[in-house]
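J.:
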Amino acid sequence: MKMLIPVSPGGHLTQSVFLAEKLKGYDLTFVTAYSAKFRSPTKKWKFRFVINPDRYLLKFMVLIFQSLWILLRENPKVIVSTGSNIPIPFFIIGKLMGKKLIYIESFSRVKTPSLSGRILYRFSDLFFVQWETMKKSYPNAIYAGRLA
Numbered sequence: 488m489k490m491l492i493p494v495s496p497g498g499h500l501t502q503s504v505f506l507a508e509k510l511k512g513y514d515l516t517f518v519t520a521y522s523a524k525f526r527s528p529t530k531k532w533k534f535r536f537v538i539n540p541d542r543y544l545l546k547f548m549v550l551i552f553q554s555l556w557i558l559l560r561e562n563p564k565v566i567v568s569t570g571s572n573i574p575i576p577f578f579i580i581g582k583l584m585g586k587k588l589i590y591i592e593s594f595s596r597v598k599t600p601s602l603s604g605r606i607l608y609r610f611s612d613l614f615f616v617q618w619e620t621m622k623k624s625y626p627n628a629i630y631a632g633r634l635a
């Protein structure tokens, strides 16, 4: 099964790699913002790169078009993310395309929800939290422990 993992670089990408290591038998494609510091963790997955919107409206508009292009090109059955701003247009467009959406709130969120979590909670078919205390913020979330 084809799975797309749009995530922001840094810690969100690291958490997604922990998840990907546990997903055997899936065709995984990561989508993240390219930076000079980027080092592919492995050759077993495909990486696509998009603009990092950095809270700029014009860059976010470019990201929307990049998201649509990648979704049409990759045609995943499932979109999974651990967060920040890059997955937002992927989830919204993915919902319109009938994709299954799975969001995993960041490990760093112990008591307060993230902005992307608050937005994507409404769109997600499955929403996981890594701390049981976060069920107060996301009553329909699933607590399944931490990725790492």
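Using my numbering, the first residue of the sequence shown is number 488, and each one after it goes up by one.
Glycine included, C-beta positions come from ideal geometry on N, C-alpha and C.
In this text, all values refer to a predicted model and were calculated from it rather than measured experimentally.
Based on the DSSP secondary-structure assignment, which residues constitute the bridge partners of M490?
T.: DSSP output for M490 lists L515 and V565 as bridge partner(s).
J.: Using DSSP with H/G/I as helix, E/B as strand and the rest coil, what is F594?
T.: Coil.
J.: How many whole angstroms separate the CB atoms of P493 and F577, which I take to be in contact at a CB cut-off of 8 Å?
T.: Rounded, the Cβ-Cβ distance is 4 Å, consistent with contact.
J.: State the start and end residues of the unbroken alpha helix (DSSP H) segment that holds L607.
T.: Element bounds for L607: L602 to L607.
J.: Just to confirm, are L616 and A635 a CB contact at a threshold of 7 Å?
T.: Looking at the sequence provided, one finds Val at residue 616 rather than Leu. Cβ distance not < 7 Å, so V616 and A635 don't count as in contact.
J.: In this structure, does DSSP put I573 in helix, strand or coil?
T.: Three-state result, I573: coil.
J.: Kindly list the residues whose CB is nearer than 6 Å to the CB of G604, restricted to its own chain and excluding five residues on each side of it in sequence; keep chain order.
T.: Same-chain partners within the cutoff: E592.
J.: Just to confirm the assignment, what range does the beta strand (DSSP E) spanning L613 have?
T.: Counting along the chain, the beta strand (DSSP E) containing L613 begins and ends at L613 to V616.
J.: For E508, I'd like the list of residues in its chain whose CB is within less than 8 Å of its CB, leaving aside the five on either flank, ordered along the chain.
T.: Nothing meets the Cβ criterion.
J.: Could you tell me the boundaries of the alpha helix (DSSP H) in which F610 lies?
T.: F610 -> no alpha helix (DSSP H), and no H or E assigned at all.
J.: Assign T568 to buried or exposed, taking buried as 16 or more other Cβ atoms, counted over all protein chains shown, within 10 Å of its Cβ.
T.: The sequence as given places Ser at residue 568; Thr does not occur at that position. S568 is buried by the Cβ-count criterion.
J.: So, at 6 Å on beta carbons, what are the nonlocal neighbours of K587 in its own chain, with the 5 sequence-adjacent residues on each side left out?
T.: Result list for K587: V565 and D612, in chain order.
J.: Just to confirm, are S554 and I580 a CB contact at a threshold of 7 Å?
T.: Cβ distance < 7 Å, so S554 and I580 count as in contact.
J.: So what does DSSP say about P507, is it helix, strand or coil?
T.: Position check: residue 507 holds Ala in this sequence, whereas Pro was assumed. A507: helix per DSSP, three-state reduction.
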